[in-house]
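Residue 542 is where the sequence shown starts when you use our numbering, and the numbers rise one by one after that.
For reference, the structure is listed below as structure tokens.
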Amino acid sequence: MRRIISILLLIVAVSCSSKNTHTCIGDCENGYGEKTWEDGTIMKGNWVNGKLNGQGYQYFGSKSEFSGDWYKGGFSDNVYNGKGIYYDKSQDAKYTGQFKNGKSNGKGKLEFGSKAEYPNRYYDGDWVDGKRQGFGVKFWGEAGNQRNNKYEGEWYNDVQDGYGRYDWSDGSFYIGHWKNGLQHGEGVYTFPNGEKFEGKWHEGYNSKLAVKLYGHE
């Protein structure tokens with residue numbers, strides 16, 4: 542994904558370079574106005590000393606590196622801050638939630654539409670500095686080798702880490718500990734028929750469960 546998975550949204554550099562001049566309707570210094578750049582990018586809202594502050598809107602023009610993307614929500618000195626929505630056209634992905642210093646921070650939902658590589662994939666939960674961290678729910682969408690799988694639990698540094706539940710599309714699920722995105726520590730695996738297996742995982746692997754599932758380690 543082009544940007545939104547990390548939500549590192551530093552918005553001014555693309556639009557405001559010296560080679561990409563703009564025009565203004567209204568008051569784009571101290572008041573309400575709309576700036577339009579040569580590449581088609583638009584920024585509008587309340588300006589203070591030439592920078593957007595408060596509620597505003599940005600659309601990236603057809604000649605911009607981020608063509609078709611848009612943001613609507615809070616600004617602080619031209620940077621996304623507070624509640625907002627960012628849509629990434631190239632990935633048909635939308636983030637709705639809190640921003641801080643141009644990154645997703647706080648509660649927010651990142652969801653992918655029907656035109657995405659993995660349609661209807663989403664993450665809904667906590668973010669810290671542009672990464673999934675805290676508690677959240679991820680659904681893997683309707684394509685790929687993790688089709689319709691789901692995880693609900695703790696995250697750290699953008700991966701499953703802590704305690705959580707992972708459901709497979711066949712009805713089996715694991716409840717237990719995770720580390721660096723893998724099952725690690727004590728946990729319980731439940732088969733589709735309801736049979737339970739309790740054990741200890743190491744970096745995503747449990748040899749006894751492997752024998753039950755595949756007939757060998």
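Idealized CB from N, CA, C, for every residue including glycine.
- If you look at A751, you'll find it in the alpha helix (DSSP H) that goes S748 to Y755.
- As computed with DSSP, W668 is found in a beta bridge with G647 and R673.
- With a contact defined as Cβ atoms closer than 8 Å, E693 and V678 qualify at about 5 Å.
- In the three-state reduction of the DSSP assignment, S617 falls in the strand class.
- In the three-state reduction of the DSSP assignment, K737 falls in the strand class.
- A Cβ-Cβ contact shorter than 9 Å links K650 with D665.
- A straight-line Cα-Cα distance of about 24 Å links Y636 and N721.
- By the CB criterion at 9 Å, Y663 and F653 fall inside the cutoff.
- Its chain contains Y659 as the residues whose beta carbon lies nearer than 6 Å to that of G685, once the 5 sequence neighbours on both sides are disregarded; these appear in chain order.
- Taking all protein chains in view, the Cβ of S645 is crowded by 16 or more other Cβ atoms within 10 Å, so the residue is classified as buried.
- For K648, same chain residues with a beta-carbon under 8 Å away, outside a window of 5 residues either side, are G638, Q639, G666, D667 and W668 in chain order.
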